[in-house]
Ligand SMILES: Cc1cc2nc3c(=O)[nH]c(=O)nc-3n(C[C@H](O)[C@H](O)[C@H](O)COP(=O)(O)OP(=O)(O)OC[C@H]3O[C@@H](n4cnc5c(N)ncnc54)[C@H](O)[C@@H]3O)c2cc1C
C-alpha cells in the first residue's frame, strides 16, 4: 500500500514545522515525519528563543528582517507569533563597530521595529570600549510552543507522523522518492531534510557539523530587566526571572552527530560563572546547572537552504548555526516558494538575493 504526497519534510523542529505549515498554506500536500515527538529531541528542544534583528553578517540581518515580515502572514501570525513575548534586548559591540550599528539603524529602523543607540541602560553602566544598540521590540519565544502550534496546522491540513525515524530514502529513476513507513510506502516528489544535526545521517556528503551549545542556568544578585548580549566576549544572558538567567557557555564541542558530543562538566560551570559575572558587573553569581544543547552548523555560519541534488527533488534546510528560531519563518517562506516553483515547472531557481544561503555550497564540487 502506498500514500502519495507532494512533499515529505523530515524533522519536526521549528524549521521543519515552519516549512511544512507554509507549504500547506500554499495548497501543497505535505507529510511531516519526526523521529521523536514534536520539538523534543533536537536544537528546538533547548533553544533560548531570542529574536532580535542586528547581526554582524548583513545577509543574516536581511534574513531576520525577512522573517519579521513573514511573521505577520499565515500561518505564522496566529502560531509562531503567539509564542513570542516582547522583552527588548541590549546588544553590546566593540566600539570599532559603531558605524555598523549606525548603518543597521539607518537601513532597518522603523515604527514597527525601532532600533536605538544608547549609552548605559537599565542597571548596566556605559562602557567606553563598547557601542550599544537597544532593540525594544526584540522578543523571547517559547520555541516548543511555536513548533507545537505549527504542527497543529500540519495535523489539521496535512499529515504529521511522530515516532517515525526515516532511515533511508529510495530514489526512483523518475526522481520521485519512496520512504518505507513500516508496512506502508510513502511516495513523494520532493523530500525536505529539516533534520538538524542528524542531517548527516541521510546526507553524509553535506558539509555540516554538530556543535554543542551548553545552556547554563545562573542565579545572580544583580537584576536582569531584559536580555543582554556582549558580542566582544561572545556572552549573553536571557532572564528567566528577576535574578535568574540562562546563558551559553564558551566551551563548545564539535562532532559529526549530536550523540558524539561531550556532556557539560565542571569546566562549563566555571565558564558560565565567569561570563555571567562579567555581564552582571558585580554581585554574587551561582550556577544552578548546565544542560546539554546543540545545533547543526554550516562552515560559514549561514543556513544551508535549497535543492542539492539536480535530478532529484532533494531539498535541504539545516545548518541554522545557533540562531534558527528567529530565521524559521523567513527560511520557510524562501523554501516554500522554491519548492512550489520546482513542483510547478521543474525549475530549481535560486533568487540571486539569497544565493549566499544556497545549500549547494555545502556539497562536494
Ligand atoms: C541552547 C540553545 C540556545 C539557542 N538560542 C537561540 C536563540 O536565542 N535564538 C535563535 O534564533 N536560535 C537559538 N538557538 C538555535 C535554534 O534553536 C536552532 O537553530 C533551531 O531550533 C534549529 O531548528 P531545526 O528544526 O533546524 O533543528 P532541530 O530542532 O534539531 O530539529 C530537527 C528535528 O529532526 C528530527 N530528525 C532528525 N533526523 C530524523 C530522521 N531521520 N527521521 C525523522 N526525524 C528526524 C529530530 O528529532 C529533530 O526534532 C539555540 C539553540 C540552542 C541549543
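Numbering (the numbering used here), first residue to last: 5 to 369. Backbone N, C-alpha and C fix where the C-beta goes; we use that ideal spot for every residue, glycine too.
- Message: Would you call the region 233 to 248 in contact with the region 327 to 341, where contact means no fewer than 3 C-beta pairs closer than 8 Å?
- Response: Taking 8 Å as the limit for Cβ pairs, the verdict is that the region 327 to 341 does not touch the region 233 to 248.
- Query: Do you know how far the Cα of residue 138 is from the Cα of residue 122?
  - Reply: Here residue 122 refers to the residue found at position 118 when the chain shown is read from its first residue. Here residue 138 refers to the residue found at position 134 when the chain shown is read from its first residue. Distance between the alpha carbons of residue 122 and residue 138: 7 Å.
- What is the DSSP secondary structure of residue 112, counted as helix, strand or coil? As a first step, residue 112 must be located in the chain shown, where it is residue number 108. The three-state reading of DSSP puts residue 112 in helix, counting H, G and I together.
- Message: Following a CB-centred definition, is residue 256 positioned closer than 6 Å to any heavy atom of ligand 3?
- Response: Here the bound small molecules are ligand 1; ligand 3 is not part of this structure.
- Query: Does the separation of the CB atoms of residue 269 and residue 310 fall below 7 Å?
  - Reply: Position 265 of the chain shown, counted from the first residue, corresponds to residue 269. Position 306 of the chain shown, counted from the first residue, corresponds to residue 310. Against a cut-off of 7 Å, the Cβ pair of residue 310 and residue 269 comes out as no contact.
- Message: Using 8 Å for Cβ pairs, my map puts residue 197 next to residue 104. What's the rounded Cβ distance?
- Response: Position 193 of the chain shown, counting from 1, holds the residue named residue 197. Position 100 of the chain shown, counting from 1, holds the residue named residue 104. Incorrect: roughly 34 Å between the Cβ atoms, too far for contact.
- What did DSSP end up calling residue 61 once you bin it into helix, strand or coil? Walking along the chain shown from the start, residue 61 turns up at place 57. Here residue 61 sits in coil by DSSP.
- Decide yes or no for the touch test of the region 179 to 195 against the region 73 to 86: beta carbon pairs closer than 8 Å, at least 3 of them. No: the two stretches stay apart, fewer than three of their Cβ pairs being nearer than 8 Å.
- Within the same chain, show all residues whose beta-carbon is closer than 7 Å to that of residue 157, passing over the 5 residues directly before and after it, in chain order. In the chain shown, the residue the question calls residue 157 occupies position 153. Closer than 7 Å at Cβ, skipping near neighbours: 25, 28, 79 and 83.
- Message: Can you tell me whether residue 217 sits near ligand 1, meaning its C-beta is under 6 Å from at least one heavy atom of the ligand?
- Response: If you number the chain shown from 1, residue 217 lands on position 213. At a cut-off of 6 Å, the beta-carbon of residue 217 counts as near ligand 1: some heavy atom of the ligand is closer than that.
- Should the region 147 to 154 be called in touch with the region 8 to 15, which here means at least 3 C-beta pairs below 8 Å? no
- Taking all protein chains shown into account, do 16 or more other C-beta atoms lie within 10 angstroms of the C-beta of residue 183, making it buried, or fewer, making it exposed? For the purposes of this step, residue 183 is identified with residue 179 of the chain shown, where counting begins at 1. It counts as buried.
- Hey, would you say the C-beta of residue 343 is under 6 Å away from at least one heavy atom of ligand 1? Translated into the one-based positions of the chain shown, residue 343 becomes position 339. No; taking the cut-off as 6 Å, the Cβ of residue 343 has no heavy atom of ligand 1 nearer than that.
- Query: Which two residues bound the contiguous beta strand (DSSP E) that contains residue 139?
  - Reply: Counting from 1 along the chain shown, the entry for residue 139 is found at position 135. Unbroken beta strand (DSSP E) run through residue 139: 134 to 139.
- According to DSSP, residues forming a beta bridge with residue 128: As a working mapping, residue 128 is identified with position 124 in the chain shown. DSSP output for residue 128 lists 125 as bridge partner(s).
- Task: Measure the C-alpha to C-alpha separation of residue 339 and residue 61 and round it to an integer number of angstroms.
- Result: Residue mapping note: residue 339 aligns to position 335 of the chain shown, counting from 1. Residue mapping note: residue 61 aligns to position 57 of the chain shown, counting from 1. C-alpha separation (whole angstroms): 21 Å.
- For residue 217, three-class secondary structure by DSSP: Counting from one through the chain shown, the residue named residue 217 turns up at place 213. Coil, per DSSP.
- Beta-carbon proximity list for residue 221, same chain, < 6 Å, skipping 5 on both sides: One-based indexing of the chain shown puts residue 221 at position 217. For residue 221, where only same-chain residues beyond five positions count, the Cβ hits under 6 Å are 250, 292 and 293.
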